[in-house]
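**Q** One structure coming up, written as structure tokens, with questions to follow.
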Amino acid sequence: MNKWGVMNISTSTGVMNDATARALFDYFFQAADDFAAMQQEHQAALLAGSFKELFRWQQNREKAFRSLAHVLERVVVCGDVDQETLARVRASVAELLTEEDVLQKLIVARQLKVQGQLPAMRKGKEALQGYNINKGQVTRPRYLSNRM
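Quick note: our numbering has the sequence shown finishing at residue 254, numbered continuously throughout.
See below:
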């Protein structure tokens, strides 16, 4: 298992005993806790204004979430699940999805802020180009030579 709870489960899809089912649930809850910690870490970084690794973070969360979904598929194969554990799983998934929505809103807010700044940046670029003394002319040499 890596830092974010992504792990391959090597149990067969055949008949699973209670110990295997319990191990899957234990793994799911541990992976869900790791995923929640990753979300909190990413949220803190976003609130601090760090957006440089946004795409890598998103890929890490998607990979970890796929791992969680895989474990849930394995649990479904187990069949008999008690209601208390099922309620914990539902609550855990709902919490993870809620936090993912919060992260998505932070990202969208940042994108809108950058889009709002683009016209001012373009106007500034145009203003700087207005100060170019060679505007519309071909480039000139930077030095004069006495050779002819």
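Don't be surprised by glycine CBs; every beta carbon is placed ideally from N, CA and C.
Small disclaimer: the values here were computed from a predicted structure and weren't measured.
If the criterion is Cβ atoms closer than 8 Å, does the pair Ile213 and Leu160 meet it?
**A** Closer than 8 Å, so yes.
**Q** Only counting the same chain, and skipping five residues up and downstream in sequence, which positions put a Cβ closer than 8 Å to that of Arg194?
**A** Phe135
**Q** What is the DSSP secondary structure of Phe157, counted as helix, strand or coil?
**A** coil
**Q** Let me make sure I understand the geometry here. Which of Leu224, Thr126, Gln164 has the alpha-carbon closest to that of Glu206?
**A** Gln164
**Q** Using alpha carbons as the reference points, say which of Val183, Ala143, Ala154, Met144 lies closest to Leu130.
**A** Val183
**Q** Taking only the alpha-carbon atoms, compute the straight-line gap between Asp155 and Ala143 and give it to the nearest angstrom.
**A** At residue 155 the sequence reads Gly, which differs from the Asp that was named. Roughly 19 Å separates the two Cα atoms.
**Q** Apart from the five residues just before and just after Leu218, which ones in its own chain have a Cβ nearer than 7 Å to its Cβ?
**A** none
**Q** If you run the structure through DSSP and keep just helix, strand and coil, what is Val195?
**A** helix
**Q** Can you tell me which of the three DSSP states Val214 falls into?
**A** helix
**Q** Within a Cβ cutoff of 8 Å, which residues of the same chain sit near Arg216, ignoring the five residues on either side of it in sequence?
**A** Within the same chain, Leu152, Phe157 come within 8 Å of Arg216 by CB-CB distance, once the 5 residues on both sides are set aside.
**Q** If the criterion is Cβ atoms closer than 8 Å, does the pair Val208 and Gln149 meet it?
**A** yes
**Q** With a Cβ-Cβ cutoff of 8 Å, do Val181 and Ala127 count as a contact?
**A** yes
**Q** Classify Val177: buried if its beta carbon has 16 or more other beta carbons within 10 angstroms, exposed otherwise.
**A** The residue is buried, with at least 16 neighbouring Cβ atoms inside 10 Å.
**Q** Taking the beta carbon of Ala226 as the centre, do at least 16 other beta carbons fall within 10 Å, making it buried, or is it exposed?
**A** Ala226 counts as exposed, since fewer than 16 other beta carbons sit within 10 angstroms of its beta carbon.
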